[in-house]
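If you're matching positions, the sequence shown starts at 839 in our numbering and goes up one per residue.
Note that CB positions come from ideal geometry on N, CA and C, so glycine has one too.
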Amino acid sequence: MLAAVTELHHGEQTLLGLNLASARRYPDFVAELTEATGHDVGYRACGTLAVALDSDDRAHLRELHALQQRSGLTPQWLNGRECRRLEPMLAPGVRGGLRVDDDHQVDPRRLAAALVVACEQAGVTFTRAWARELSVARERATGVVLADGTALAAGQTVLAGGSLSGRLAGVPADVLPPVRPVKGQVLRLTVPERYAPFLHRTVRAVVRGSHVYLVPRVSGELVVGATSEELGWDTTVTAGGVYELLRDAHELVPGITELPLTETRAGLRPASPDNAPLLGPTALPGLHLATGHYRNGVLLTPVTGDVMAHTLATGELPEVARAFTPARFTNLPHPPCATAPPSPASPKDLTELSA
Ligand code: GLY
């Protein structure tokens, strides 16, 4: 989902500015990508409904509403009946909710596939292999050495390695991004034709302190996510994770138990100490970062592309990204991680979370 407004948290108003800047770019970004590739990336300007099931949830949602209003946003408070009028499949016990007309959705798998095609059409060459280490000569990044020993030379190198960004050998310690993996388990269900439209927009809630969301795709897929677990690079789908997601989603929308469960998956969010991305040049000339996007990687795709293109072409971070310079973390100790990162033999096991 593209959840700039519904995933707003205290202390993240600066990040909100970047998230909104990226959300505003989405319609043109998608139009350009679709025109270039002919791919439908599943962008759906459908809005989001965040609901509360009990009085604790309602208090939490009221607090979020107040924070959104203080931040200049204009979601609308609805009572339970109004929520169910918008989404008849909601549980009768829903006590109220926030209608957010600006939080939309895109299909991240389709988006990634279209971006690869657009890049290839524009002349980009992909080398799909593990980067073993950064090459540094005369205190400047000069490319990477791959797992098989092949050296790739580059005038400028962008380290965009998701949750593994802090683990590339050869990067000086004071330049390594303080990024850690935060696991998210996600389910995919299928809405049979006879139940469509099951939901009209993204529906989400905080149930017993856990976030749960249901994203209905035009294709009939219903994505249910996501857990948030600090377990290092573990990407095991667990019975407990699946149970909690289904239990919470069922409390919101009881009818989901009728739907076929078609996929279970776990991915890793690349989290930084302030939950915001690290964008732009580092203290090592020739090395840039585009990482740490945490819960907003898909949302931040267009603005990250624009920021990195500008930075690589001019050497300057544009105004919209100044607050996200990697320099803000210089001298921070590297975060400890519970487990060792995966070995180069298992690259397929490591996936970013993309709901
Ligand atoms: N933004 C969705 C997630 O992080 O689960």
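The three-state reading of DSSP puts Ala1087 in helix, counting H, G and I together.
Inclusion of Leu936 and Leu997 in the CB contact set at 9 Å is not warranted, their separation being larger than that value. Remark: the C-beta of Glu850 is outside contact range of the ligand GLY, defined as less than 8 Å to any heavy atom. Around the beta-carbon of Arg1133, 16 or more other beta-carbon atoms lie within 10 Å, marking it buried.
At a cut-off of 8 Å, the beta-carbon of Asn1134 counts as near the ligand GLY: some heavy atom of the ligand is closer than that. Between the alpha carbons of Ala874 and Ala960 lies a distance of about 10 Å. Relative to the ligand GLY, even the nearest heavy atom lies 8 Å or more away from the CB of Ser1110. Our two residues, Arg1103 and Arg947, have alpha carbons roughly 13 Å apart in a direct line. Listed in chain order, the non-local C-beta contacts of Met1146 below 6 Å within the same chain comprise Ala1128, local neighbours out to five positions each way being set aside. Tyr1051 has its Cβ nearer than 8 Å to a heavy atom of the ligand GLY. The C-beta separation of Leu1122 from Ala979 comes to about 6 Å, placing the pair in contact by the 8 Å criterion. If you check the C-beta of Leu1191 against the ligand GLY, you find a heavy atom less than 8 Å away. Per DSSP, Leu990 is one residue of the beta strand (DSSP E) stretching across 989-991. Contact check for Val1024 against Gly1070 fails: the beta carbons are separated by 9 Å or more.
Bridge pairing for Tyr1051: Arg1042, Gly1063 [DSSP]. For Gly885, same chain residues with a beta-carbon under 8 Å away, outside a window of 5 residues either side, are Arg937, Val938, Asp939, Asp940, Asp941, His942, Arg1039, Thr1040 in chain order. In this structure, the C-beta of Arg1107 approaches the ligand GLY to less than 8 Å from one of its heavy atoms. Apart from sequence neighbours up to five positions away, the residues of its chain that approach Ile1094 with a beta-carbon distance below 7 Å are Leu1027, Ala1087, His1088, ordered along the chain. Contact annotation, Leu984 with Ala969: C-beta distance approximately 6 Å; criterion of less than 8 Å satisfied. Taking the Cα of Leu1191 as reference, the smallest distance to any Cα among Leu953, Asp878, Val1141, Thr1073 is reached at Thr1073. Secondary structure in the region 1098-1157: the beta strand (DSSP E) runs of 3 residues or longer, each lying completely within the stretch, are 1099-1109, 1116-1119, 1125-1129 in chain order. Judged by their CB atoms, Pro1111 and Ser1003 are not nearer to each other than the 9 Å cut-off.
Remark: the shortest separation between the CB of Gly1063 and any heavy atom of the ligand GLY falls under 8 Å. Burial of Pro1054 is indicated by the presence of at least 16 other C-beta atoms within 10 angstroms of its C-beta. The Cβ-Cβ distance between Asp945 and Tyr881 falls below 9 Å.
Restricting attention to alpha helix (DSSP H) runs no shorter than 4 residues, the region 940-1016 encloses them at 946-959, ordered along the chain.
Note on geometry: alpha-carbon atoms of Gly931 and Val1158 lie some 42 Å from one another.
With a cut-off of 8 Å on Cβ pairs, the region 908-917 is in contact with the region 840-856, counting three or more such pairs. Check the Cα spacing between Asp894 and each of Ser1066, Leu1060, Val1045: the tightest is with Val1045. For Arg937, the uninterrupted beta strand (DSSP E) run begins and ends at 934-938, by DSSP.
With 16 or more other Cβ atoms inside 10 Å of its own Cβ, Phe1036 counts as buried.
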